[in-house]
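Report on the following structure.
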Amino acid sequence: MRRVRLEKATCPVARALDAIGDWWTMLIVRDAFAGKTRFSEFQTSLGLAKNILSERLRMLVANGVLEKRPAADGGARSTYHLTEKGRQLRVILFALRQWGEDHLFEDGEEMTVVRDHENLPIARLSILNSAGEILAPEDIQVIKGHKSKRSRGRGARSTLA
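For the sequence shown, full-length UniProt numbering assigns the number 161 to the last residue and increments by one with no breaks.
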């Protein structure tokens, strides 16, 4: 089945999924957050076929999520690093992690955990309105509109609460 392109969709979620791609792609981004930079590190971590990994890395570079750089050791291999655009995916990764923790693990089952630089747990994600109030799903509506300058950057992001 041929993949439908969504880069012109009016829904930001559809466009984001078009840019990010499949689940392997988000696992590559997850590994980049964990400090992996070399093709071999991604391949070992994910067990992904080399041709598929090459394709996903090319897509992430083309979409500005990763930057390809010459290896610092002067070797023939390149390294991959998150761009600012890629680093902004951390909220999505943490939302997926939180959902997975809540719904896909049994009590007492072993799982990876995340901590801050002082080894403190990361606060749960919540969606807040501009007054700082936590919104329930039924309090949120999706309407057609136009992108404003405020919708980019700090003013309209999900907030930890």
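In this text, a Cβ means the ideal position worked out from N, Cα and C, and glycines have one as well.
Task: Spatial distance of leucine 122 from leucine 128 (CA atoms) - done: According to the sequence as given, residue 122 is isoleucine; it is not leucine. Near 17 Å, if we compare the C-alpha coordinates of leucine 128 and isoleucine 122.
- [ ] Leaving out five residues on either side along the sequence, give the residues of the same chain with a beta carbon under 6 Å from the beta carbon of asparagine 63.
- [x] Ala19
Task: Which of helix, strand or coil DSSP assigns to arginine 115 - done: strand
Open item on the list: Is it buried or exposed, isoleucine 28, if we count other Cβ atoms within 10 angstroms and call 16 or more buried?
Closed with: buried
Task: proline 70 - partner residues in DSSP beta bridges - done: Ser78
Open item on the list: So, at 8 Å on beta carbons, what are the nonlocal neighbours of valine 113 in its own chain, with the 5 sequence-adjacent residues on each side left out?
Closed with: Pro121
- [ ] Give me the Cα-Cα distance between arginine 15 and alanine 9, rounded to the nearest whole angstrom.
- [x] 6 Å
Open item on the list: Judging by CA-CA distance, which residue of Ile134, Glu118 and His117 is the nearest neighbour of leucine 125?
Closed with: Ile134
Task: Residue from Phe39, Glu106, Lys68 and Leu46 with nearest C-alpha to glycine 86 - done: Lys68
- [ ] Go ahead and pull the three-state DSSP assignment for leucine 120.
- [x] coil
TODO: Please report how far the alpha carbon of methionine 59 lies from the alpha carbon of asparagine 119, in whole angstroms.
DONE: 34 Å
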